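Have a look at the structure below before the remarks.
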C-alpha cells in the first residue's frame with residue numbers, strides 16, 4: 127500500500143510538473159500577443175487625440191448647424207471610441223496581471239516540487255523560471271504602454287469634452303441671435319403697421335378736407351351764380367313801360 131501511494135504521488139507530481147511547464151510556455155506566448163494587442167490599442171487611443179483635435183477645429187470653424195452636427199458626431203464618436211478602447215486596455219491589463227500571478231504561483235510549486243522529486247521538477251522549474259522572466263519583461267512594457275495610453279486618453283477626452291462645450295455655446299449663441307432677429311422683425315412689423323395706420327388716417331383726413339373744400343367751392347359757385355342771376359333780374363326792363 128505504501129509503495130502504491132508513493133507511485134501514485136510521484137505520478138501526480140510528474141503530471142503536475144509537465145502540465146505546469148506547458149502552461150508556463152503557453153502563458154509566455156500569450157503574453158506576447160497580449161502586449162502586442164495592448165500596444166495596438168494604445169495607438170488607437172493616440173489616434174483619438176487627433177480625432178478630438180479635428181472635431182475642435184471643425185466646431186470652431188462651423189458657421190451652420192449642419193457643420194456643427196459633423197463636429198458633434200466626430201467628438202462623440204471619439205469619446206465613445208476612447209472609452210471602448212480603454213475598456214479593452216483594462217481587460218488586457220487584467221489578463222497580464224492574472225498570467226503573471228499564475229506563473230508566480232507555479233514557480234513556488236516548482237520550487238517545492240524540487241525538494242520532493244527533483245527528477246520531475248528540475249526541468250519544469252527551469253521552464254517556469256524562463257517563462258516568468260519573459261512575462262515580467264513583457265509586463266513591464268505593457269504597464270508602460272497602458273500608463274502612456276491612460277495619459278493620452280485623458281487628453282483626448284478633455285479635448286472632445288471641450289469641443290462639445292464649444293458646440294453647445296455656439297448653438298446657444300445662435301439661438302439667442304435668432305430670437306433677437308425674430309423680436310426685431312416683430313417690432314419692425316409692428317412699427318410698419320403703426321405707420322400704415324397713421325398714413326391711412328392721414329389719407330382719410332386729406333380726402334375729407336378735399337371733399338369739404340369741394341363742397342365749399344360748390345356752395346360758393348352756387349351762391350355766386352344765384353347772385354348773378356338775381357342781378358340780371360334787377361336790371362330787366364318793366365314790361366309795357368312807356369317812356370315819354
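In the working numbering, the protein residues as written are 127 to 370. Ideal placement from N, C-alpha and C gives every residue a C-beta, glycine not left out. On a predicted model such as this, the values are computed, not experimentally measured, just so you know.
Supposed contact pair residue 180 and residue 211 - C-beta distance, whole angstroms, cut 8 Å: Actually they do not touch by this definition, with Cβ atoms about 17 Å apart.
Minimum C-alpha distance to residue 184 - residue among 254, 313, 286, 356: Minimum Cα distance to residue 184 is reached at 286.
C-beta atoms of residue 236 and residue 208 nearer than 8 Å: Taking 8 Å as the cut-off, the beta carbon of residue 236 is found no closer than this to the beta carbon of residue 208.
Whole-angstrom C-beta distance between residue 147 and residue 250, which should lie under 8 Å: About 4 Å separates the two Cβ atoms, so the contact holds.
8 Å Cβ cutoff met for residue 129 and residue 242: For residue 129 and residue 242, no; Cβs fall outside 8 Å.
Simplified DSSP assignment, three categories, for residue 189: When DSSP states are grouped into helix, strand and coil, residue 189 belongs to the coil group.
Cβ contact check for the region 258-275 and the region 216-234: 3 or more pairs under 8 Å: They touch, by the three-pair rule.
Inter-residue spacing [alpha-carbon to alpha-carbon] between residue 279 and residue 219: Rounded to the nearest angstrom, the two C-alpha atoms are 16 Å apart.
Residue 213 versus 267, 275, 248, residue with shortest Cα-Cα distance: Checked all of 267, 275, 248; the closest Cα to residue 213 is 275.
Coil, strand or helix - residue 172 by DSSP: Helix at residue 172.
Local Cβ density within 10 Å of residue 195, reported as buried at 16 or more and exposed below that: Counting Cβ neighbours within 10 Å, residue 195 comes out exposed, since fewer than 16 surround it.
Integer-rounded CB distance, given that residue 201 should sit under 8 Å from residue 290: Yes, residue 290 and residue 201 are in contact; Cβ-Cβ is about 5 Å, under 8 Å.
Reduced DSSP secondary structure (H/G/I, E/B, other) of residue 311: Helix at residue 311.
Nearest-angstrom Cα separation, counted from residue 152 out to residue 143: Distance between the alpha carbons of residue 143 and residue 152 is about 14 Å.
Contact check, residue 188 vs residue 178, beta carbons under 8 Å: Against a cut-off of 8 Å, the Cβ pair of residue 178 and residue 188 comes out as no contact.
Residue 225 beta carbon less than 8 Å from that of residue 283: Between residue 283 and residue 225, the C-beta gap is not smaller than 8 Å, which leaves the two residues out of contact.
8 Å contact criterion, which residue 160 and residue 268 should meet: CB distance rounded: Rounded, the Cβ-Cβ distance is 7 Å, consistent with contact.
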